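Heads up: the protein sequence lines correspond to chains A and B, in order. For what it's worth, the numbering used here labels the leading residue of the first sequence as 16, then goes sequentially. For what it's worth, the numbering used here labels the leading residue of the second sequence as 46, then goes sequentially. Just so it is clear, CB atoms sit at the ideal spot from N, CA and C, and this is done for glycine as well. All of these numbers come straight from a predicted model, not from anything done at the bench.
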Amino acid sequence: MRPIPPKPTRITLVALLAVLASLACALPQLPAAAGASNTPAASQATIKAGVPAGQETPVPDGSQDDFLRPGPLDHLLALHSVQIDLSISRPDGSSRSMQIATDKTGNMDINLVENNPAFTADLPKEVDPKTLKTASELLVVGGKAYLHSGEDLDWMEHPMDDNYPQTLAQELHGMDGPGLWLDILPDGSIQPAGQDTVGGFAADKYVVNGKLENQVISGTLWEEPQSDALVQAELHVPGALLSSPDQPQPGELKITLKAQKVDVPLVTLPPAPPPTAVPTTAP
Amino acid sequence: MKRWGYFFLPVVLLFIMLFLPKPAPAQASPTFSPGLYYGYINFLARTDFTGNVTVQDAEHRYTWLGFYTGRGKLQLRINNSGGGTISVLLPTKSYLSDYYFLDFSKGHCYIGNWTNAESYYFDLERGYPSIGFAFQAPYKPASRGISYTEEEPWNDQGGEVTNCAEVSQAMLPVGRVVIKGNLDMLSTIQFKTIYATDDNIGGTCSLPGWNQSFSFQPFTTPNVYSTSYCQWRVFKLNSGKPQKGNQ
């Protein structure tokens, strides 16, 4: 049997179908139904690599500015001649406190105290946990942080961080700061509660009472309207929100913030000690 | 008839190709409800080492304990096609204590150092074509500088031993080198989703390259790098934007 010679039309048709088939294979899968998807993690859809922002399809409201935009906590850090006390106690028994004294020029004297039972649980038997120093002091002058050390005699000549205010701000925007928890509360969870004077600030008072996954985040905020600074806050976050829903953690994360207007003495660095004399030998 | 056959065969093949079940693509279909999610990431990683070596009548023992915590903020922005962006802001703290115990017939010299440090890392609005049940984000805490917030020597000596305190102080810089080296090991966080509803998504996470164990001479015991916990959880914002007055 003599094969039918290919005709241009047949070749074109087959080629067209092949192109269509390729296109069909490249089409995205039909999207799964939107909504609750308590799917187990067994479905391992993995992202292999990120692509630069701006190449994606439109996303919901908000921009990257929302993530790091300056807010009332940043405005608080910008106030001068104030003392800020921030304490955090966590459900696991660990705690952290910071006292930030900012003088009228913006320089800071920061005292940190960190306690975490996990850090001392496995110490060698020769070491008494009580001898461990958990407090430290940083001086921030001109934005640079210096570790006030009794061991390093010329500590004032070696800054630890060239932009500590930014480091501090980032920490306050993390899990230990009130902002994150206020952000995730449903609309209507923060209600005005009149005016008040706290720490020398005339402030607007707000009551926080918001439900998230059947857990209540509660507390009180005071914001100075003039500077838009959060000048006082007490926030209670249930431990259940800090853990998976099937294994809710007892206890709570408690964040307490208190700022007060005080005349903070000027924060300066002491003069560096004179260089150690180098012994010379007689010729 | 044959001519029709030449026409229908490719059509049938096309339909077969279109409707046969196909394997899932590498970039998975959307799984999460589109929207803006805010939440946290929280981890504790550690290093543990204790090694003994006896030389003549002297027993040397080293103990290193390192704790690395991250307590940060996470944002997922899921679009209608299952892709979106991930933002991470992760303040990181390091706590290192290292000890050296020397016991011999005429006395002992115990020295140690505590070194604490702070750093932070953020990566904003990194876009992904698909965000599925496992995803990852960059995390390089050493890249933006490390602030050493505490350095404290410790010593205890007895018997015919002198200069223990001086040795302890001289060893202080070692803590910085170790913390820097350990933070340099971190470059990525991998997220695994354990639960997901319309309102919140969460699960566990890991630090690739961290969990490992190795020995070095002359010790036979391992230096163990482990992750005590790493968890994350994000909640859907019902308004699409943070509430006024927050942050």
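Candidates A:D243, A:G194, A:E267, A:E249: closest to F82 (chain A) by CA position: Here the closest residue by C-alpha is A:G194.
Contact set between the segment 224 to 251 of chain B and chain A, restricted to residues whose Cβ is under 8 Å from the partner: K237, T238, I239, Y240, A241, T242, D243, D244, N245, G247, G248
CA-to-CA distance, V223 (chain B) to Y270 (chain B), given in whole angstroms: 13 Å
Chain A within 8 Å of W277 (chain B), Cβ atoms only: no
Ranges of the beta strand (DSSP E) found wholly within the segment 184 to 272 of chain B, counting only runs of at least 3: 192 to 204, 233 to 241, 245 to 251, 257 to 259
Residue from B:D93, B:Y274, B:G129, B:D102 with nearest C-alpha to Q181 (chain B): B:G129
Assigned secondary structure, P75 (chain A) (DSSP; H/G/I helix, E/B strand, else coil): Reliability of the predicted coordinates at P75 (chain A) is poor, the pLDDT of 40 falling under 50, and the value obtained from them is presented with this limitation in mind. Secondary structure of P75 (chain A) (DSSP, three-state): coil.
Beta-carbon proximity list for P285 (chain A), same chain, < 7 Å, skipping 5 on both sides: Cβ neighbours of P285 (chain A) beyond the five flanking positions: M171.
Status (buried if at least 16 other CB within 10 Å, exposed otherwise) for P75 (chain B): Residue placement at P75 (chain B) is poorly supported in this model, since its pLDDT is 48, which falls under 50; the coordinates still yield a value, given next. Taking all protein chains shown into account, P75 (chain B) has 16 or more neighbouring C-beta atoms within 10 Å of its C-beta and is therefore buried.
Any 3 or more C-beta pairs closer than 8 Å across the segment 173 to 188 of chain B and the segment 196 to 215 of chain B: no
Beta-carbon spacing of D168 (chain B), S132 (chain B) below 8 Å: yes
Other residues of its chain near G152 (chain B): CB distance less than 6 Å, five sequence neighbours each side excluded: Excluding sequence neighbours, G152 (chain B) sits near G203, G204, E205, V206.
Beta-carbon proximity of D244 (chain B) to F280 (chain B), cut-off 8 Å: yes
C-beta contact flag for I123 (chain B) and P183 (chain B) at 8 Å: no
Per-residue DSSP class, three states only, for P207 (chain A): strand
Under 8 Å from the C-beta of Q185 (chain A): neighbouring residues of chain B: L134, P136, Y165, F167
Residue span of the beta strand (DSSP E) that contains A133 (chain A), given as start and end: Not the beta strand (DSSP E): A133 (chain A) falls in the alpha helix (DSSP H), residues 132 to 135.
Y165 (chain B) classed as buried or exposed, judged by whether at least 16 other C-beta atoms fall within 10 angstroms: buried
The segment 157 to 171 of chain A: positions lying closer than 7 Å to chain B by Cβ: A160, L162, S164, E166
Cβ separation of Y155 (chain B) and N227 (chain B), assumed to be a contact under 8 Å, to the nearest whole Å: The pair is not a contact, with the Cβ atoms about 24 Å apart (cut-off 8 Å).
Residues that N283 (chain B) contacts on chain A, provided the C-beta gap is smaller than 8 Å: Chain A residues near N283 (chain B): P201, D202.
Cβ of P285 (chain A) within 8 Å of any chain B Cβ: No, its Cβ sits nowhere closer than 8 Å to a Cβ of chain B.
Residues sharing a beta bridge with P248 (chain A), DSSP: It is Ala, not Pro, that sits at residue 248 (chain A) in the sequence shown. For A248 (chain A), which the question treats as bridged, DSSP gives the partners A:L236, A:L272.
Whether F88 (chain B) touches Y274 (chain B) by CB criterion (8 Å): yes
Buried or exposed (CB count within 10 angstroms, at least 16 for buried), D137 (chain A): exposed
Any chain A beta carbon closer than 8 Å to T272 (chain B): no
Cutoff 8 Å: E104 (chain B) Cβ touching any chain A Cβ: Cβ-Cβ to chain A under 8 Å: no for E104 (chain B).
8 Å contact criterion, which T4 (chain B) and E163 (chain B) should meet: CB distance rounded: Nothing can be reported for residue 4 (chain B): it is not among the residues displayed for chain B, which extend from 46 to 292.
Contacts that L227 (chain A) makes with chain B (C-beta to C-beta distance below 7 Å): Residues of chain B passing the Cβ test: F280.
Residues near N125 (chain B) by beta carbon distance below 6 Å, same chain, minus five either side: P79
Under 8 Å by beta carbon: chain B residues contacting Q215 (chain A): Per the sequence shown, the amino acid found at residue 215 (chain A) is Gly instead of Gln. Those do not exist, as G215 (chain A) stays about 21 Å from chain B at its closest Cβ, beyond 8 Å.
Exposed unless 16 or more other CB atoms sit within 10 angstroms - verdict on S260 (chain B): exposed
Contact check, P279 (chain A) vs Q98 (chain A), beta carbons under 8 Å: The sequence given here places Val at residue 279 (chain A); Pro does not occur at that position. Yes, they are a contact pair.
Selected residue, minimal CA-CA separation from L281 (chain A), among A:S96, A:E267, A:N130: A:S96
Where G50 (chain A) falls, given that 16 or more other Cβ within 10 Å makes a residue buried: Unreliable placement is indicated for G50 (chain A), whose pLDDT of 30 sits below 50; no coordinate value is reported for it.
Inter-stretch contact (C-beta, 8 Å, three-pair minimum) for the segment 228 to 235 of chain A and the segment 244 to 255 of chain A: yes
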